[in-house]
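*Asks:* Quick one: the structure is below, and I'll ask about it shortly.
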Amino acid sequence: MLYAGLISLAFPMTAVLAQDNPFDQFPVVIQCKYHETFHAFYLSRVSQDGTATYSASDRIAGTITIDGKAKAIGAEGGGSCVGKTLSELRASHQAYDLKR
Numbered sequence: 118m119l120y121a122g123l124i125s126l127a128f129p130m131t132a133v134l135a136q137d138n139p140f141d142q143f144p145v146v147i148q149c150k151y152h153e154t155f156h157a158f159y160l161s162r163v164s165q166d167g168t169a170t171y172s173a174s175d176r177i178a179g180t181i182t183i184d185g186k187a188k189a190i191g192a193e194g195g196g197s198c199v200g201k202t203l204s205e206l207r208a209s210h211q212a213y214d215l216k217r
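When we follow the numbering used here, the leftmost residue of the sequence shown carries the number 118, and every step to the right adds one.
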């Protein structure tokens, strides 16, 4: 019993993530066209406020929330994903979910 208590103290998020994994709410990859090139944006993190960050090659990235619209990070303009919701990205076959 003491051993289990030490594990939960050392890894307190493990139990929370097992029940409510924020990565389950977002697609693992989003495909966007940017400057006449297609890019695969990979899910890299989900912050405490529910904002998912996606990054691709060429140091380009974007964010999206469950109910919000995709936004570019650091670059003016954006690609074919900017301004779309997750529902719109899924409907246009630009979002790829990980199946378990």
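Cβ atoms here follow ideal geometry from the backbone N, Cα and C, with glycine treated the same way.
Indicate the three-state DSSP secondary structure (helix, strand or coil) for A208 in the structure shown.
*Replies:* Stepping through the sequence shown from its first residue, residue 208 is reached at position 91. Here A208 sits in helix by DSSP.
*Asks:* Along the chain, where does the beta strand (DSSP E) containing G179 start, and where does it finish?
*Replies:* The sequence position of residue 179 within the sequence shown is 62, counting from 1. Its beta strand (DSSP E) spans residues A178 to I181.
*Asks:* Between the C-alpha atoms of S172 and K201, what's the straight-line distance to the nearest angstrom?
*Replies:* Position 55 of the sequence shown holds residue 172. Position 84 of the sequence shown holds residue 201. Rounded to whole angstroms, S172 to K201 spans 16 Å at the Cα level.
*Asks:* Applying the criterion that 16 or more other CB atoms from any shown protein chain within 10 Å of the CB defines a buried residue, is H156 buried or exposed?
*Replies:* In the sequence shown, counting from the first residue as 1, residue 156 sits at position 39. Classification for H156: buried.
*Asks:* Comparing C-alpha positions only, which one of G179, A208 and G195 sits nearest to V163?
*Replies:* Taking the sequence shown and counting its residues from 1, the one referred to as residue 163 is at position 46. Closest by alpha carbon: G179.
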